[in-house]
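Residue numbers (the numbering used here), protein chains in the order written: chain A, 1 to 296; chain B, 1001 to 1318; chain C, 2001 to 2403.
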Amino acid sequence: MPAWIDAHFISLLNGLAIGSLLFILAVGLSLIFGMMDVLNLAHGVLFLAGAYAAWWLAGASPSWPQFLAAVLVAGAAGALAGSGLSLLVERLARRSHLDQALLTLGLTLIAADALSAAFGDDVHTINPPPGLDGSALIFGKAYPVYRLALIGLGAVLAAAVHLVVERTSIGALIRATVADRHMVASVGVDERRVKLAVFAVGAALAAIAGVLGAPVYGARPGLDGTALLLALVVVVIGGLGSVRGALVGALVIGEIESLGRAVLSNLASFVLFGALALVLVLRPRGLFGAASGARS
Amino acid sequence: MTAQARRRLAWLAALAVLAVAPLVLGTYASATLSRILAFALFAASLDLLVGVTGLPSLGHGAYFGTGAYAAGWVAIHVTRSGPVTLVAAAVAGAVVAAIAGSVAVRARGVFFLMLTLAVGEIVEQIAQSWQSVTGGSDGLYSIPSTELAGISLGDVRWFCWYALGVFAAGMAVLRCIGGAPLGQTLRGIRDNEPRMRALGYRTYHYKLAAFVIAGAIAGVAGGLLAAQQRLVTPADLGFASSVPVLLAVIIGGEATWWGPCLGAAIVVILRDVLGPSLGGHGSLVLGVVFVAVVFLLPGGLARIRIGAGAGPARGTVR
Amino acid sequence: MNHARITRRRLLGAMGATSALALLPACKSRSEGGGGGAAGGGRIKIGLVVPQSGVYATVGNEMKRAWELWLERHGGKLAKLDVTTVVADEGESPQTGVPAIQKLIQSDQVDAIVGIISSAIALGAKDLVADAKKLMIVANAGAAKITAAKSPYIWRTSFTNAQIAAAMGKHLATQAGAGPVYAIAPDYAAGAEVIKGFKDAFEAGGGKLAGEAKPAFGKTQDYQPFLTGIQGSGAKATFCFFAGAEAIAFVKQYAQFGLSAQIPLYGSGFLTEGAAVLAAQGDAAAGIQTTLHYSSELDNPTNKDFVAAWKAKYKDPPAVYAVQMWDAASVLNRALATATALDGDSLAKAMSSVGTIDDSPRGPWSFDGQTPRQKIYLRKVEKRGDAYVNAVVTDLGETAPVY
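Here it is as structure tokens:
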């Protein structure tokens, strides 16, 4: 194997793992933004809530039933929170998009503080469930099995979301709403129901990402800000309202965070936010977002 | 008395009350008042962007923090004279705002919001990495106390009066701009930019001008905070600084004169003064107040009108 | 429609009244601290500054417990003065820590300040405290500049970062076959000093560094990029400094990525310090060697008593943070016994005549330029019973503070 790849392939692999996690987190944000032009600034705190759910239900060393329960509970809580957010944001539908974004910001503050009131202010670490807590040897180098599982899960979820959005009638409805919501309304579909569903599913995915990310990132105050920024970068670079864009964006950002940090160390953060700024200026709709709306 | 004369009298009365305050309040309260004044000037500068020009910025902390670092650096390495540090702060804030603004004001609405967020993060990252100048993640500490024309302002009360002077000067500058033709143009751009362009105004230049002025005044406010805290950290530049100031502007009332100042006072008091007694949950209360204002009082607290309840008589829908 | 008219004037009036009420307690600018002299029947107000949030929260909790245990065993008094403790949360960074200390001095009017874990916060606050002429006993922060200026008000019962790192540097230089060493520590005041202290001592003894790295402090959760860097540098050993939650994450990932089997890990003692930290690290910590001025396994009578008393109340064994805070209380107790008054100048004067501390669990030590001159021990993580502890390998001798 070429020397450069041999030295860096663990970083490349890790980038895929982080990227998979970011995809699960960001795909909801991308669709919400693409469909409603609402910048859901509460997306990060949903991730944090999922992480705390993992710690609360599963503790530091979870068993499989506990871990799965955490995933389910986080998903349900996320869906509930998403529906609530959708309804609240809908009430401001006639005001500017800025007001809707600010509303989500205010709710984030409340939720973040409530979470640290409920779960304390210190940093919690969580182990992966048994069976996934070892390391595998890949071409002679050790790599945690749990992160390999994340890559697999990310691929499965990406395929599932792609199938839903491309091949089902609900997916067609979502794509249509992203492309032209007024037309969808005039055709007779209640676009509010579609929005509610997308918000709920997107929020549920963000919370589930929090549970899945807990063995890597732990649960701590301030994690919501980190998660939100990363999700925003993914969504902007990948494209608004595009699942394919979210996947590509997530993998790119995952690689910047792993390979980028290994090669460039602190410059990686500049690359990250510089790329964000560049894309916002040159092509605000992102790499895969169409000018008027989105494809999958 | 005309409305304008009444307003002027109200301003003078408020300044008079603030001038007497340090004589009555204790040390800690006076120090808090200085922080409120710095933060209020910061919020008022953001209002020039958000309320007057219609540019919602979620990264205004970058210029505030840059000004704070510049003032702190000058105080440590060059001179302790207050006015010199503030001029350095204003210039630093203006320069960074010019660079960022030349790129940012090309975007609109939520994209502008995200771009300012990105800029804020980049500037915070620079502060973390540029250890030799900014001290990295430890921040710039051991900033000496300010001097004004040779007199040391180490005493909390004297510093409070100094802060009041700077605040009054900054607000006066903002009011002048607001009343001048420039202010009218900016409001026009906020209300209907395409029409302004059709009328022949080069809106990009006006927006950039507003961005730079707001950045300069935010820098001055940052310089004031650096002198009060005697410490500047990267957190003064990023999200942790940009969010509370935006909250202050929205809660207090955008495009009003004393709204952002009121909002700033509320944020500082809730977060820093009442925070410990609320079990450290000042942010929770702040969030609740903010959401309530967004839902129920869309123009902010300053817009509550005489008459039946609170009327959201605001500008046109953006 | 006859709603109550919320006029702007009324609203403003209501707000003004509320804020005036809120600020009223701050109006009392009289000095409230410490009535009476040091001799018999007075009160003293101590500000306890510990992190109650962020990556060092568990460390802060232990320090608070140590303070409470000392007071409990001494009737709640320091040298016959009744103690009122005001706890302040230093948080994780100077942005929260320095205002918290400012509040203690200006609003709570404490007589002395004890605590502070983070070097960055101690550096940010030292001018504030010196200007206010209050005694501050730093119970953990190790940055050199904290006491380098020799302000009479700033004392320390802990260590300097370089003191502990240099001990390991000297030791590793004598280990033939240790090979090039990679140094890694978080990017803030303490981390930079540790790397420098280690590097100076190690290279002076003939060693070579394979490389160094400084992950962002408080923000790095995934150490993979740095671990890959260590593997690619050709290092034969790694020297690191992490504490609290970061120590847990680093040690676990060090094992997960296969480095613990190939590249032995050495550290500044905080890496494996604290029962909660060792428990969370589990098997990943086995065999790690560190240097520190304390271990719960130290074999002297004072330590045996201390550990027994601690375990009786808190079940898990104590760590160095508890001992440093314990010594801070003990030192303050000695100073107050000879102090003539409770203002900063008298307390500072009393502190300078404290002499050798011979009843400390870490062994006897004394102040050298307001920072301890003490023994440093080499320790190794081993399993005793069903828990991991830092077994003492050898005594590396007494060292003065290294700046």
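Even for Gly, the Cβ is constructed at its ideal location relative to N, Cα and C. All values reported here derive from a predicted model rather than from experimental measurement.
My understanding is that residue i touches residue j, with C-beta atoms under 8 Å, so please give their C-beta distance in whole angstroms.
| i | j | result |
| --- | --- | --- |
| PHE1042 (chain B) | VAL1245 (chain B) | 5 Å |
| ALA1227 (chain B) | ALA1071 (chain B) | 7 Å |
| VAL38 (chain A) | ALA101 (chain A) | 7 Å |
| ARG2379 (chain C) | SER2295 (chain C) | 5 Å |
| THR125 (chain A) | ALA2245 (chain C) | 7 Å |
| GLY202 (chain A) | ILE18 (chain A) | Not really, about 20 Å apart at Cβ, beyond 8 Å. |
| LEU1951 (chain C) | GLN2231 (chain C) | Lying outside 2001 to 2403, the shown extent of chain C, residue 1951 (chain C) is not represented and no answer is given. |
| ALA1107 (chain B) | LEU272 (chain A) | With 8 Å as the limit, ALA1107 (chain B) and LEU272 (chain A) do not qualify as a contact, their Cβ atoms being about 19 Å apart. |
| VAL1119 (chain B) | ALA1062 (chain B) | 6 Å |
| PHE347 (chain A) | GLY254 (chain A) | Outside the displayed span of chain A (1 to 296) sits residue 347 (chain A), for which this structure offers no information. |
| ALA1218 (chain B) | TRP1258 (chain B) | Not a contact, Cβ separation roughly 18 Å. |
| GLY2115 (chain C) | VAL2049 (chain C) | 4 Å |
Within 10 angstroms of its Cβ, does residue i collect 16 or more other Cβ (buried), or is it exposed?
| i | result |
| --- | --- |
| LYS1941 (chain C) | Lying outside 2001 to 2403, the shown extent of chain C, residue 1941 (chain C) is not represented and no answer is given. |
| THR2394 (chain C) | exposed |
| MET183 (chain A) | exposed |
| VAL235 (chain A) | buried |
| ASN2140 (chain C) | buried |
| GLY2034 (chain C) | Residue confidence for GLY2034 (chain C) is low, a pLDDT of 40 falling below 50, so the modelled location carries little weight; the figure read from the coordinates is stated next. Flag for GLY2034 (chain C) reads buried. |
| ALA1092 (chain B) | buried |
| ASN2303 (chain C) | buried |
| GLU2062 (chain C) | buried |
| GLY2355 (chain C) | exposed |
| PHE139 (chain A) | exposed |
| ARG2030 (chain C) | Low confidence applies to ARG2030 (chain C): its pLDDT is 38, below 50, so where it sits in the model is not reliable, and the reading given next is rough at best. ARG2030 (chain C) should be labelled exposed. |
| ASP2187 (chain C) | buried |
| LYS2134 (chain C) | buried |
| GLN1184 (chain B) | exposed |
| ALA294 (chain A) | Residue placement at ALA294 (chain A) is poorly supported in this model, since its pLDDT is 37, which falls under 50; the coordinates still yield a value, given next. Label assigned to ALA294 (chain A): buried. |
| ARG167 (chain A) | exposed |
| GLN2404 (chain C) | The shown model of chain C, from 2001 to 2403, leaves out residue 2404 (chain C), and the question about it has no answer. |
| ARG261 (chain A) | buried |
| LEU282 (chain A) | exposed |
| VAL1133 (chain B) | exposed |
Given the structure, does residue i come close to the ligand MG, in the sense that its CB is under 8 Å from one of the ligand's heavy atoms?
| i | result |
| --- | --- |
| SER1132 (chain B) | This structure simply doesn't include the ligand MG, nor any ligand for that matter. |
**Prompt:** Can at least three beta-carbon pairs, one atom from the region 1196-1215 of chain B and one from the region 1144-1156 of chain B, be found at a separation below 8 Å?
**Reply:** no
**Request:** Please list the residues of the region 2263-2282 of chain C that have a C-beta atom closer than 8 Å to any C-beta atom in chain A, keeping them in chain order.
**Result:** ALA2280
**Message:** Ignoring anything shorter than 3 residues, give me the beta strand (DSSP E) runs that lie fully in the region 2059-2102 of chain C, in order along the chain.
**Reply:** 2081-2089
Chain A contacts made by the region 1241-1263 of chain B, where a contact means CB separation under 9 Å: VAL1243, LEU1246, LEU1247 and ILE1250
Below 8 Å between beta carbons is the criterion; list the residues of the region 2094-2108 of chain C that meet it against any residue of chain B, in chain order.
-> PRO2094, GLN2095, VAL2098, PRO2099, GLN2102, LYS2103, GLN2106 and SER2107
* Could you please tell me which residues of the region 36-48 of chain A, in chain order, have their CB closer than 8 Å to any CB of chain B? => ASP37 and LEU39
- Do the region 208-216 of chain A and the region 45-60 of chain A make contact, defined as three or more Cβ pairs closer than 8 Å? yes
Can you list, in chain order, the residues of the region 2052-2064 of chain C whose Cβ is nearer than 9 Å to any Cβ on chain A? GLN2052, SER2053, GLY2054, VAL2055, TYR2056, ALA2057, THR2058, GLY2060 and ASN2061
My parser needs the alpha helix (DSSP H) runs of 4 or more residues fully inside the region 1032-1116 of chain B; what are they? 1061-1077 and 1082-1104
Below 9 Å between beta carbons is the criterion; list the residues of the region 2187-2211 of chain C that meet it against any residue of chain B, in chain order. ASP2187, TYR2188, ALA2189 and ALA2192
Are there three or more Cβ pairs, one per stretch, closer than 8 Å when the region 1157-1167 of chain B is compared with the region 1182-1197 of chain B?
-> no
Can you list, in chain order, the residues of the region 1179-1212 of chain B whose Cβ is nearer than 8 Å to any Cβ on chain A?
none
Continuous alpha helix (DSSP H) assignments of at least 4 residues falling wholly in the region 161-197 of chain A
169-179 and 181-187
Original post:
Can you find at least 3 beta carbon pairs, one from the region 244-259 of chain A and one from the region 137-151 of chain A, that sit closer than 8 Å?
Top reply: no
Along the region 265-282 of chain A, what residues have a CB closer than 8 Å to any CB found in chain B? ASN266, SER269, PHE270, PHE273, GLY274, LEU276, ALA277, LEU280 and VAL281
Checklist line | Interface positions of the region 1087-1114 of chain B facing chain A (Cβ-Cβ less than 7 Å), listed along the chain | finding: VAL1103, ARG1106, ALA1107, GLY1109, VAL1110, PHE1111, LEU1113 and MET1114
Just to confirm the assignment: which complete alpha helix (DSSP H) runs, minimum length 4, are found wholly within the region 2246-2320 of chain C? 2259-2262, 2275-2281 and 2301-2314
Taking 8 Å as the cut-off, does the region 1179-1189 of chain B touch the region 1017-1029 of chain B (at least 3 CB pairs, one atom from each stretch)?
no
Inside the region 2156-2187 of chain C only - alpha helix (DSSP H) runs reaching at least 4 residues: 2161-2174
- What runs of the alpha helix (DSSP H), each 4 residues or longer, lie entirely inside the region 14-100 of chain A? 43-58 and 64-91
inquiry  = When you compare the region 2353-2368 of chain C with the region 2265-2279 of chain C, are there three or more beta-carbon pairs, one atom per stretch, that lie closer than 8 Å?
reply    = no
Pair every Cβ in the region 2073-2083 of chain C with every Cβ in the region 2324-2344 of chain C, then say whether three or more of these pairs are closer than 8 Å.
yes
Sequence ranges, alpha helix (DSSP H) only - wholly within the region 1168-1241 of chain B, length at least 4: 1181-1191, 1193-1198 and 1203-1229
What are the residues of the region 237-264 of chain A that lie near chain C, defined by any Cβ-Cβ distance shorter than 7 Å?
-> SER258, ARG261 and ALA262
Practice prompt. Mind the definition here: the region 2198-2207 of chain C touches the region 2170-2184 of chain C only if three or more C-beta pairs lie below 8 Å; say whether that holds.
Written response: yes
Q | Interface positions of the region 205-222 of chain A facing chain B (Cβ-Cβ less than 8 Å), listed along the chain | A | none
Touching by the beta-carbon criterion (3+ pairs, under 8 Å), the region 1115-1129 of chain B and the region 1086-1104 of chain B: yes
- Query: Residues in the region 1223-1238 of chain B with C-beta within 8 Å of chain C's C-beta atoms, listed in sequence order?
  - Reply: GLN1229, ARG1230, LEU1231, THR1233, ALA1235 and ASP1236
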